[in-house]
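Here's the structure, in structure tokens; my notes come after.
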Amino acid sequence: MERVGGRSSCGPLIAWMLAAPALLGGLWIASTESRHLTTVPSGVPAFASISEAIRHGEVEDAYAFVRIGTDPNAPVPFTDAELTSGHPVMISPLMLAVSSNKENTVMMLLSFGARMDLPQNELAGCLARRLGYDDLSAMIVRDGKPLREVTCPEPRLDAPAPLLAYVK
Amino acid sequence: MNGRGNHHSGYWWTAAAFAITAPLLLTLVRVLWHTPYPISETIALLEDVDTSPASFFLDPARKSWYRPLYHLTWMALWRGTGSLDAALALFKTIEVTAVGGLIALLIWHLRPRTAIAAGAATFAVAVLVGTPGFRDNLELPLIYTTVGMPLLLIVWMLLERDSRWWHTPVILALTILAIGYKEQGLVIVPVVLVAWWMGAPGASRTTAAAIVIMTAVYLAIRFSTSGSWPTFVQDVGYGFTMLSPDQATTRFGTFPLGMYIYNVIGTMTNILFSEPTAGVFTVVRDVRNGEVTVWEINHVISSAVLTALIAWWGIRTLRENRGAPWSPESRVFAATVIAVAASGALGFNYTRDRLGGMAAVFYALAAYYAIRAVAERLVGVPRPTVVAMSVALMLLAGAWQLRTIGTVEYARLTAFKDRREWITNLQRRRVEFVNRAAYLRILDAMIDQGTPSSVPRPTPLPDWAGSTIGGR
Chain A
0 MERVGGRSSC GPLIAWMLAA PALLGGLWIA STESRHLTTV PSGVPAFASI SEAIRHGEVE
60 DAYAFVRIGT DPNAPVPFTD AELTSGHPVM ISPLMLAVSS NKENTVMMLL SFGARMDLPQ
120 NELAGCLARR LGYDDLSAMI VRDGKPLREV TCPEPRLDAP APLLAYVK
Chain B
0 MNGRGNHHSG YWWTAAAFAI TAPLLLTLVR VLWHTPYPIS ETIALLEDVD TSPASFFLDP
60 ARKSWYRPLY HLTWMALWRG TGSLDAALAL FKTIEVTAVG GLIALLIWHL RPRTAIAAGA
120 ATFAVAVLVG TPGFRDNLEL PLIYTTVGMP LLLIVWMLLE RDSRWWHTPV ILALTILAIG
180 YKEQGLVIVP VVLVAWWMGA PGASRTTAAA IVIMTAVYLA IRFSTSGSWP TFVQDVGYGF
240 TMLSPDQATT RFGTFPLGMY IYNVIGTMTN ILFSEPTAGV FTVVRDVRNG EVTVWEINHV
300 ISSAVLTALI AWWGIRTLRE NRGAPWSPES RVFAATVIAV AASGALGFNY TRDRLGGMAA
360 VFYALAAYYA IRAVAERLVG VPRPTVVAMS VALMLLAGAW QLRTIGTVEY ARLTAFKDRR
420 EWITNLQRRR VEFVNRAAYL RILDAMIDQG TPSSVPRPTP LPDWAGSTIG GR
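From first to last, the protein sequence lines are chains A and B. Counting from 0, one number per residue, gives the positions in the first sequence under numbering that gives the first Met the number 0. Counting from 0, one number per residue, gives the positions in the second sequence under numbering that gives the first Met the number 0.
Shown next as structure tokens:
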């Protein structure tokens with residue numbers, strides 16, 4: 000750095016100090032963007048099954064299965080220590096989303112083909128009410144538009160887990 | 000050092016400023032391009048465009064707001080191409096061009112010719128992108144002010160160039176275009192007048208007269224229909240809460256002037272100090288509640304320090320200019336003051352961050368000159384002072400750079416939220432609008448653009464980093 004009479008000509012230093020944050024910011028933005036570009040979901044679901052995605056993922060994870068053609072009405076095998084007391088059952092994605100209180104996933108399934116007139120789905124509102132998810136139950140009735148009024152079954156006293164009473 | 004430098008070698012510094020800004024510019028453009036149109040605003044808007052004649056949008060008595068060229072743009076794109084997909088792509092091209100073009104135009108207009116000026120130019124870009132007025136206007140499809148902002152800068156560039164015969168019609172056309180997209184375009188009018196009054200080379204008396212006549216006609220048309228305007232058209236922020244239009248009318252209806260003044264001041268202080276937001280003192284509230292985050296503190300302090308620097312530079316420039324023809328820097332300072340005041344005045348009914356968008360352009364220009372002036376004064380002073388002041392400048396530039404990164408994260412988050420809204424709200428919309436055939440037709444036609452897996456997502460960050468950067 001040039002020194003003139005005890006004073007310094009620090010133009011380049013000042014310029015660097017001004018531009019350095021923009022340079023670092025640009026590098027940060029470029030690195031995060033390149034990370035996004037290399038990890039953008041290719042449409043391949045991040046979970047092994049739609050039931051896993053519903054239980055443990057976000058709504059986008061479950062939607063990834065619907066997007067690649069998974070039938071949102073097709074029952075899937077499911078076992079859970081709490082919800083089914085370890086019993087293996089076949090359950091529709093909608094009923095599974097209700098039992099997991101995944102409101103966004105319920106809305107997604109209703110938006111992309113889940114039909115309330117099918118036997119595997121028609122008790123979704125009942126299940127939501129039984130589990131105490133009243134808002135979810137009201138939403139299913141309002142947006143699911145069931146074709147006929149459904150009479151909710153009485154809770155089965157012999158069912159070891161609430162979900163089992165609603166799985167046909 | 001005067002910041003202008005050698006004419007030929009100076010172009011390298013302009014290129015350097017472009018190169019440093021390139022990652023931000025390209026990322027922002029890419030994120031915006033891949034952002035879906037939101038389900039909540041777009042469908043009803045396109046339904047109106049689809050089912051209404053052009054005269055519907057030209058009627059100034061229809062609503063208290065008037066944006067005919069915005070709606071006619073949609074109509075022209077859709078009916079001109081005969082394809083909704085093509086219209087959506089072309090409209091998004093307008094948004095992306097406006098945002099990317101504004102950043103590129105800012106650097107091009109500044110054309111730094113020295114290292115210090117190049118550093119100041121990168122700082123100005125960070126200020127532009129980091130302001131609430133810029134960030135809040137990155138919202139598809141409501142790009143009213145996003146279009147007006149580069150138009151304002153183009154007008155300013157013409158005003159600062161030697162007068163040509165075509166300047167007046169072009170400035171007039173750009174102003175009409177900006178106003179036709181949103182009332183905030185009116186900010187251009189006092190800017191042109193102050194440029195003329197202060198002797199800007201491209202601002203002729205004809206230009207000033209033409210813009211005054213055009214504005215008088217516009218205002219006469221608008222005020223002729225003002226009898227139907229409600230006292231408050233949107234929610235208004237007051238203190239620490241939001242009031243609905245009904246609540247505001249009940250509370251302030253007999254004397255709305257006080258609330259209008261609050262809104263004007265709220266818009267201006269949002270531009271200058273990043274607080275309040277939409278009239279609500281959110282940072283003060285969060286400090287009071289012990290919930291304040293680092294990014295909130297950063298926004299307020301970085302804005303306050305920069306505003307103080309701009310005030311110091313502006314007053315100093317005006318003083319030095321006394322008795323001589325006004326310099327370009329003096330005009331920028333005066334235009335900044337006018338743009339901030341005009342943006343505030345136009346936000347009299349309610350205040351939002353986005354209403355400061357037009358003034359953000361001048362705030363960034365003023366930031367460039369202010370920071371360059373400080374930096375140039377440091378050259379030749381004792382080294383300890385230089386080092387201390389350089390560190391201070393770097394901290395200020397860093398604070399604004401964090402805000403810029405926050406804007407990018409905000410844009411990514413908006414894209415992510417838009418897609419989630421499409422995934423989860425489709426059925427609710429189908430049920431709610433079951434009797435509106437055009438709405439449902441457009442809704443179904445737009446599902447693919449709303450749900451692709453390639454939509455940007457917010458960067459996963461640890462809590463401390465997220466609360467420092469903000470934008471989420």
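A virtual CB, placed ideally from N, CA and C, is assigned to each residue, including glycine.
- In the displayed model, A/M89 falls within a strand according to three-state DSSP.
- Under a 10 Å Cβ-count criterion, A/G25 is classified as buried, with 16 or more other Cβ atoms of the shown protein chains found around its own Cβ.
- Under the 7 Å criterion on CB atoms, A/E32 is classed as interfacial with respect to chain B.
- Of the residues assessed, B/S389 falls on the buried side of the cut-off, its CB having 16 or more other CB atoms within 10 angstroms.
- Distances from the alpha-carbon of A/L109 to those of A/S84, A/L135, A/T37, A/P87 put A/L135 closest.
- Residues of chain B with a Cβ closer than 9 Å to the Cβ of A/R141 are, in chain order, R427, V430.
- For B/G469, the secondary structure class from DSSP, reduced to helix, strand or coil, is coil.
- The three-state reading of DSSP puts B/F347 in coil, since its state is none of H, G, I, E or B.
- B/I115 is a Cβ neighbour of B/A374, given a cutoff of 7 Å.
- The DSSP-derived three-state label of B/M267 is helix.
- A contact is defined here as three or more CB-CB pairs under 8 Å, and the region 393–412 of chain B meets this definition with respect to the region 289–307 of chain B.
- Excluding its 5 nearest sequence neighbours in each direction, B/A398 has C-beta neighbours in its own chain below 6 Å: N297, S301, listed in chain order.
- B/V216 is classed as exposed because its beta carbon has fewer than 16 other beta carbons within 10 Å across all chains shown.
- Only residues of its own chain outside the window of five on either side were considered, and among them N100 have a CB closer than 6 Å to the CB of A/Y132, listed in chain order.
- Shown here for B/D352: same chain residues with a beta carbon closer than 8 Å to its own, the five before and five after excluded, namely P131, G132, R134, D135, N269, T276, A277 in chain order.
- When Cβ pairs closer than 8 Å are counted between the two stretches, the region 146–154 of chain B is seen not to touch the region 408–424 of chain B, the count staying below three.
- Against chain B, the CB of A/C125 has no partner CB under 7 Å away; the residue lies outside that interface.
- Near chain B, meaning a CB-to-CB distance below 8 Å, the residues of the region 109–133 of chain A are L109, S110, F111.
- Residue nearest to A/V43 within the set A/G68, A/V97, A/A29 is A/G68 (criterion: CA-CA distance).
- Under the 7 Å criterion on CB atoms, A/A14 is classed as interfacial with respect to chain B.
- Annotated as distal: B/Q183 and B/T240, with beta-carbon spacing of 7 Å or more.
- Look at B/Y217 here: in three-state DSSP terms it is helix.
- Residue contact with chain A for B/V216: absent (no Cβ-Cβ distance below 7 Å to any residue of chain A).
- Contact between the region 331–350 of chain B and the region 201–209 of chain B is not established, with fewer than three Cβ pairs separated by less than 8 Å.
- In this structure, DSSP gives B/L44 a helical state, which the three-state scheme calls helix.
- Residue-level contact check: B/V304 does not touch chain A, since none of the beta carbons of chain A fall below 7 Å from its beta carbon.
- With 16 or more other CB atoms across the displayed protein chains lying within 10 angstroms of its CB, B/W12 is buried.
- From the listed residues A/M16, A/S98, A/A63, the smallest Cα separation to A/P161 is found for A/S98.
- Look at A/N103: its C-beta is under 7 Å from a C-beta on chain B.
- When Cβ-Cβ separations below 7 Å define contact, A/M94 makes no contact with chain B.
- One finds I19 in chain B with Cβ atoms closer than 7 Å to the Cβ of A/L22, taken in chain order.
- When C-alpha distances from B/P37 are compared across B/P383, B/F361, B/L141, B/T249, the shortest belongs to B/L141.
- Distance from the CA of B/T113 to the CA of A/A14, rounded to the nearest whole angstrom, comes to 9 Å.
- Scanning the region 3–74 of chain A for uninterrupted alpha helix (DSSP H) segments of 4 residues or longer gives 10–38, 49–55, 58–66, listed from N- to C-terminal end.
- A straight line joining the alpha-carbon of B/F415 with that of B/L24 spans about 20 Å.
- Runs of the alpha helix (DSSP H) lying entirely within the region 70–128 of chain B and spanning at least 4 residues, in chain order: 83–109.
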